[in-house]
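Student:
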Amino acid sequence: MKIDQTKIPQATAKRLPLYYRFLENLSASGKQRVSSTELSEAVKVDSATIRRDFSYFGALGKKGYGYNVNYLLSFFRKTLDQDELTKVVLVGVGNLGTAFLHYNFSKNNNTRIVMAFDVDEQKIGQEIGEVTVHHLSDLEKVIDPEVTVAILTVPQVAAQKIADQLVAAGIQGILNFTPARLDVPESVRVHHIDLSVELQALVYFLKHYSES
Ligand code: ATP
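For the sequence shown, counting from 1, position 41 maps to 41 in full-length UniProt numbering; every step adds exactly one.
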């Protein structure tokens, strides 16, 4: 069945990697089918939402049978381009950036940081977690043309200028770990992860909305 990707709502699309990871584990353990209730408990998304999400993929669970794990997996693999390696660059090899280079999505076979950039001469030329650190001024010269995604772990003040350079070098998606709100062309997508804001929000919720 051919699915029109543009019809999948963004909220649903964001949940795909979550479903994918869980289904991969299920398949590895030899399970062939799964109910929306089981999925719901595992990924912490309510089962009505799961049923609605899956209906966009043409996956209609049968009552008393559930969903076919392998059908869903092969669909997700195609949709998430898991058959292809997604190459990523990282800018800012500080504490957080270095941690990402060591981690390098080792549990996910299909996403890999392939090069890193910084401006600190002491870091240029180093290999961290098998990834070479280049000078940012060489970005356009050395970047692999297949790379479309960048992770940004630089100080806030440097973020906008680097985002402009990344866009000029053909980057289409930025995972922004700086607190800066980035100005980019409409065709470029920015996902913003501010760890301290997330942590503060969690602490606030615990304090003010906790049941006990
Ligand atoms: P460190 O302990 O190495 O300073 P940090 O995470 O505390 O790490 P930050 O000041 O947040 O340090 O800087 C993160 C990284 O971003 C550093 O490696 C720094 O050299 C780099 N950096 C700073 N300015 C730029 C820039 N304009 N372009 C690219 N990288 C930059």
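Note that the Cβ used here is the ideal one computed from N, Cα and C, for glycine as well.
Alpha carbon to alpha carbon, how far is Ser-187 from Val-197? Give it in angstroms, no decimals.
Tutor: Cα to Cα, Val-197 sits roughly 26 Å from Ser-187.
Student: Any heavy atom of ligand 1 closer than 7 Å to the Cβ of Pro-9?
Tutor: Answer for Pro-9: no, Cβ out of range of ligand 1.
Student: Comparing the CB of Lys-123 with every heavy atom of ligand 1, is any distance shorter than 7 Å?
Tutor: Under cutoff, so the answer is yes.
Student: Which residues in the same chain as Glu-121 place their Cβ atom closer than 7 Å to its Cβ, once the five residues preceding and following it in sequence are excluded?
Tutor: Taken in chain order, the list of residues that qualify is empty.
Student: Hey, Val-114 and Val-147: beta-carbon distance below 8 Å or not?
Tutor: In contact: Val-114 and Val-147 (Cβ atoms closer than 8 Å).
Student: Report all residues for which the CB-ligand distance to some heavy atom of ligand 1 is below 5 Å; order them along the chain.
Tutor: Having a Cβ closer than 5 Å to some heavy atom of ligand 1 are Gly-92, Val-93, Gly-94, Asn-95, Asp-118, Val-119, Asp-120, Leu-136, Val-154, Pro-155 and Ala-158.
Student: Between Ala-158, Ser-29, Val-88 and Glu-24, which lies nearest to Val-119 when the distance is taken from Cα to Cα?
Tutor: Residue Ala-158 is the option with its Cα nearest to Val-119.
Student: What residue range does the beta strand (DSSP E) around Val-89 cover?
Tutor: Counting along the chain, the beta strand (DSSP E) containing Val-89 begins and ends at 86-91.
Student: Along the chain, which unbroken stretches of the beta strand (DSSP E) at least 3 residues long are found entirely within the UniProt domain "CoA-binding" (81-181)?
Tutor: Correct list: 86-91, 111-118, 131-135, 149-152 and 173-176.
Student: Would you grab the beta carbon distance between Ser-47 and Ser-40 for me? Rounded to a whole angstrom, and I think it's under 8 Å.
Tutor: With a Cβ gap of about 4 Å, Ser-47 and Ser-40 count as contacting.
Student: Any idea what DSSP makes of Val-203, helix, strand or coil?
Tutor: Residue state, collapsed to three classes: helix.
Student: Can you give the Cα-Cα distance for Leu-175 and Val-149, rounded to whole angstroms?
Tutor: The straight-line gap from Cα to Cα measures roughly 8 Å.
Student: When you compare the CB positions of Leu-101 and Ile-128, do they come within less than 8 Å of one another, or not?
Tutor: For Leu-101 and Ile-128, yes; Cβs fall inside 8 Å.
Student: From Phe-177 to Tyr-65, what distance separates their C-alpha atoms?
Tutor: Spanning the two alpha carbons is a distance of roughly 42 Å.
Student: My understanding is that Leu-16 touches Leu-80, with C-beta atoms under 8 Å, so please give their C-beta distance in whole angstroms.
Tutor: About 6 Å separates the two Cβ atoms, so the contact holds.
Student: Please report the residue range of the alpha helix (DSSP H) in which Val-43 lies.
Tutor: Taken as a continuous stretch (DSSP letters only), the alpha helix (DSSP H) holding Val-43 covers 36-43.
Student: I need the DSSP call for Met-1, collapsed to helix, strand or coil.
Tutor: Caution is warranted here: a pLDDT of 45 is assigned to Met-1, below 50, making its placement in the model unreliable, and the coordinate value is therefore given only provisionally. Here Met-1 sits in coil by DSSP.
Student: Kindly indicate which residue of Leu-182, Asn-104, Asp-53 and Val-69 has the alpha-carbon position closest to the one of Phe-22.
Tutor: The shortest Cα separation from Phe-22 among Leu-182, Asn-104, Asp-53 and Val-69 belongs to Val-69.
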